[in-house]
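S.K.: Pasting a structure below so you can have a look.
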Amino acid sequence: MSPEISDKVKRQVEDILSRYPRPQAALLPVLHCLQKERGFISPAEEQWVAERLRIKQIRVREVVTFYTMFLQRPVGRYHLQVCTNLSCALEGGDDLQAYLENRLGIRTGETTADGRFTLSQVECLGACDEAPCLMVNLDYHTRLDRDKVDRLLRELD
Amino acid sequence: MTAEQVLTRDFELEGLRHIETYLSRGGYRAAVKALKEMTPQAVLEEMKKANLRGRGGAGFPAGLKWSFVPAQTDKPKYLCVNADEGEPGTFKDRFLMSHNPHLLLEGMIIASYCVGIQKAYIYIRGEYEAVAQRLEQAVAEAAAKGFLGSNVAGTGFCLDVRVHRGAGAYICGEETALLESLEGKRGHPRLKPPFPASVGLFHCPTVINNVETICNIPFIILRGAEAFTGLGRPRDGGTRIFGVSGPVERPGCYELPVGTPLREIIFHHAGGMKDGKRLKAVIPGGMSAPVLGEDEIDIPMDCESLAAAGSMLGSGAIIVIDQATPMLKVLAKVAKFYAHESCGQCTPCRIGTSWILKIVRRLASGQGRKGDVEEIRRLASGIKGLTLCPLGDAAALPILALVTKFRSELET
Ligand SMILES: Cc1cc2nc3c(=O)[nH]c(=O)nc-3n(C[C@H](O)[C@H](O)[C@H](O)COP(=O)(O)O)c2cc1C
Ligand code: SF4
Ligand code: FES
């Protein structure tokens, strides 16, 4: 079962490969590129990458499972990743997480029934001076309070 | 405020991240000076004199580190800039790279020229995608103006820079895990020695430095080592970006001379505690740094003073904790973080951190048993000094400090 990789991604993968002295070194950028297009990395994609990079599939699998940003199953259209590490927690990060669970009617790790939101908890995002914060997919939202969260959720509708 | 800015000069200029503005403010002059007027040996001498201590955590002098790279070798040499910035409380490298990406590139050119490197990577944490794009744009601009590529500043020196995104793993900030990750593998730290200076990326000699470390180099080359050491402490010169977070009036990045007192940073520069809160404790160098009590903050922020106080300057990230925050909550955050980030290669770290977390959770749920705090202390002592990479100590030392200094609070 070969996944349908678009020509655009195939070209991007070739471009990435041309910039590294060894194909395996291109693994992280290639996986980022695939995930960007397809939303997550399935076993079929792992196999495709392994063949393209001429490495064993297990090498790809190890990497996909090691790094938290690589997703092994689909998430909602908006992936809310709330930081609850110390600096955020000192400014209400845990409350923010609880409030989001409440508002979305799901627990952390789950996806809403309409497939719009997935809620995750993450470690420090490097925006501690603007705590508490979260990422929506790859966009930062900072200095959050309940009003700002309500507004954000409305905008993401 | 500082009389002299080494790193954040012109940060108020909106266009600084573009090369035209950077050039108009004297940018790339240090690189041209190094390449055209100095030998690599002279650059190294200046760097050693400056005694620039690493800003990534360990505080190792950069010039000395570079001198360990073999001069004669038939292998390529690499530069890896550590922009992984995962240490909780730390956000200074993002601040530097988003405001002034060309300062980093200029420092990289000088470092590469000095060590004889033609290929450099910036390993940036995956979440910083927007910053990575800014860096890519800066790389393209610098190449278009002839500051990168096959003939840097018309001198025949070659340097190729590649921005490489991580994918969410704190351990990849550890230098050998970073190398593994760059090679496309899991971030499992390597046993040292051999050190990366001799066996690094793709088994070749490699220099690894933090973003802020590299950003200091143009100043040192342009103004000289003495101007640099004159700014901070004699053996720990220059300025640092102190990142202050927690319940203070003005959290943020402050560039101040090395050795600025911690109390002054919190109460003067960051505006003191907000909303009438009272200070209880401070973590002075990122989560790995052992906590200081409120009676310990009259201390100069330099590597040696903090080491003497049983803590460390680390990444210069200052986390301020207020009286209303239970130390059990702080302990829980620290324990959870390291249990999550342990790569699992060695037993004391893998088992120790998750066992500690289990006890801390028990305490937090009100099911604590007599002797639990002592048990945490015993487990942390069993990690300290016994692991393959420094993450073990980074977990054990702050936990030991918390259970020692706040024992009575934790036991009630
Ligand atoms: C667990 C762990 C995480 C680290 N994370 C970082 C990091 O995110 N950024 C960084 O520059 N150094 C980090 N370091 C320190 C690096 O191993 C290394 O000492 C540093 O990049 C060297 O650069 P410097 O000498 O310029 O500070 C970390 C170390 C450990 C043990
Ligand atoms: S100390 Fe921890 S993080 Fe470091 S190698 Fe061992 S298990 Fe991995
Ligand atoms: S603790 Fe939340 S961004 Fe650093």
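Residue numbers (this note's numbering), protein chains in the order written: chain A, 3 to 159; chain B, 2 to 413. Every residue gets a Cβ at the ideal spot worked out from N, C-alpha and C, and that includes glycine.
Ligand 1 and residue 390 of chain B: does any heavy atom of the ligand fall closer than 7 angstroms to the residue's C-beta?
M.R.: True, at least one ligand heavy atom lies under 7 angstroms from that Cβ.
S.K.: Whose Cβ in chain A lies nearer than 7 angstroms to the Cβ of residue 288 of chain B?
M.R.: Per Cβ cutoff of 7 angstroms: 88.
S.K.: Any beta carbon from chain B within less than 8 angstroms of residue 143 of chain A's own beta carbon?
M.R.: It does not; no Cβ of chain B falls within 8 angstroms.
S.K.: Specify, as a first and last residue, the run of the beta strand (DSSP E) that residue 143 of chain A falls within.
M.R.: Its beta strand (DSSP E) spans residues 141-143.
S.K.: If you draw a straight line from the C-alpha of residue 10 of chain B to the C-alpha of residue 101 of chain B, how long is it?
M.R.: Roughly 9 angstroms between the two C-alpha positions.
S.K.: Taking 7 angstroms as the cut-off, is the beta-carbon of residue 104 of chain A closer than that to any non-hydrogen atom of ligand 3?
M.R.: No, since every heavy atom of ligand 3 falls outside the 7 angstroms radius drawn around the Cβ of residue 104 of chain A.
S.K.: Closer than 5 angstroms between the C-beta and any heavy atom of ligand 3: which residues qualify, listed along the chain?
M.R.: With the cut-off at 5 angstroms, the residues found are A:85, A:87, A:89, A:90, A:126, A:127, A:129 and A:130.
S.K.: Suppose contacts are defined by Cβ-Cβ distances below 8 angstroms. Is residue 395 of chain B in contact with residue 289 of chain B by that definition?
M.R.: Yes, the pair counts as a contact, with Cβ atoms nearer than the cut-off.
S.K.: Can you give me the C-alpha to C-alpha distance between residue 218 of chain B and residue 130 of chain A, rounded to a whole angstrom?
M.R.: Going by the C-alpha atoms only, they are around 27 angstroms apart.
S.K.: What residues from chain A crowd round residue 171 of chain B, counting only those whose CB sits closer than 7 angstroms?
M.R.: Neighbours of residue 171 of chain B on chain A, chain order: 125.
S.K.: Ends of the beta strand (DSSP E) at residue 320 of chain B?
M.R.: Note, residue 320 of chain B: beta strand (DSSP E), 318-323.
S.K.: Assign residue 79 of chain B to one of three DSSP states: helix, strand, or coil.
M.R.: Residue state, collapsed to three classes: strand.
S.K.: Give me, in chain order, the residues of the same chain whose beta-carbon lies closer than 6 angstroms to that of residue 110 of chain A; leave out the 5 immediate sequence neighbours on both sides.
M.R.: Excluding sequence neighbours, residue 110 of chain A sits near 121 and 123.
S.K.: Would the beta-carbon of residue 63 of chain B be found less than 7 angstroms away from any heavy atom of ligand 1?
M.R.: It does: the Cβ of residue 63 of chain B is within 7 angstroms (strictly closer) of some heavy atom of ligand 1.
S.K.: Sorry if obvious, but does the Cβ on residue 324 of chain B come closer than 7 angstroms to a heavy atom of ligand 5?
M.R.: Ligand 5 is not part of the structure shown, which contains ligand 1, ligand 2 and ligand 3 as its ligands.
S.K.: Going by DSSP in three states, residue 2 of chain B sits in which element: helix, strand or coil?
M.R.: Any reading at residue 2 of chain B must be qualified, since the residue scores a pLDDT of 45, below 50, and its modelled position is unreliable; the value itself is stated next. Looking at residue 2 of chain B - three-state DSSP - the assignment turns out to be coil, as it is neither helix nor strand.
S.K.: If we cut at 8 angstroms on Cβ distances, does residue 74 of chain B have a partner in chain A?
M.R.: So, not an interface residue.
S.K.: Do you know offhand how far residue 94 of chain A's Cα is from residue 232 of chain B's?
M.R.: If you take the alpha carbons of residue 94 of chain A and residue 232 of chain B, they lie about 37 angstroms apart.
S.K.: Which residue or residues does DSSP assign as beta-bridge partners of residue 123 of chain A?
M.R.: According to DSSP, which records beta bridges pairwise, residue 123 of chain A is partnered with A:84.
S.K.: Find the nearest neighbour of residue 226 of chain B within the set B:72, B:48 and B:36, judged by alpha-carbon distance.
M.R.: Looking at the Cα atoms, B:48 is the closest of the given residues.
S.K.: Check whether the stretch 164-182 of chain B and the stretch 118-126 of chain B touch, using three or more Cβ-Cβ pairs below 8 angstroms as the test.
M.R.: Yes, since at least three Cβ pairs between the stretch 164-182 of chain B and the stretch 118-126 of chain B fall closer than 8 angstroms, the two stretches touch.
S.K.: In chain A, what lies closer than 7 angstroms to residue 95 of chain B by C-beta?
M.R.: Correct list: 128.
S.K.: Counting along the chain, where does the alpha helix (DSSP H) carrying residue 44 of chain B start and finish?
M.R.: Per DSSP, residue 44 of chain B belongs to the alpha helix (DSSP H) from 41-51.
S.K.: With a threshold of 8 angstroms, are at least 3 pairs of Cβ atoms found where one atom belongs to the stretch 77-96 of chain B and the other to the stretch 199-216 of chain B?
M.R.: At 8 angstroms Cβ cutoff, the stretches touch.
S.K.: Out of B:389, B:199, B:30 and B:82, which has the shortest C-alpha to C-alpha gap to residue 348 of chain B?
M.R.: Closest option to residue 348 of chain B, Cα to Cα, is B:389.
S.K.: Within the same chain, show all residues whose beta-carbon is closer than 8 angstroms to that of residue 115 of chain B, passing over the 5 residues directly before and after it, in chain order.
M.R.: 35, 41, 44, 45, 48 and 67.
S.K.: For the stretch 186-208 of chain B, which residues have a CB atom closer than 9 angstroms to at least one CB atom of chain A, in sequence order?
M.R.: Taking 9 angstroms as the Cβ-Cβ cut-off against chain A, the residues of the stretch 186-208 of chain B that qualify are 186, 187, 188, 189, 202 and 203.
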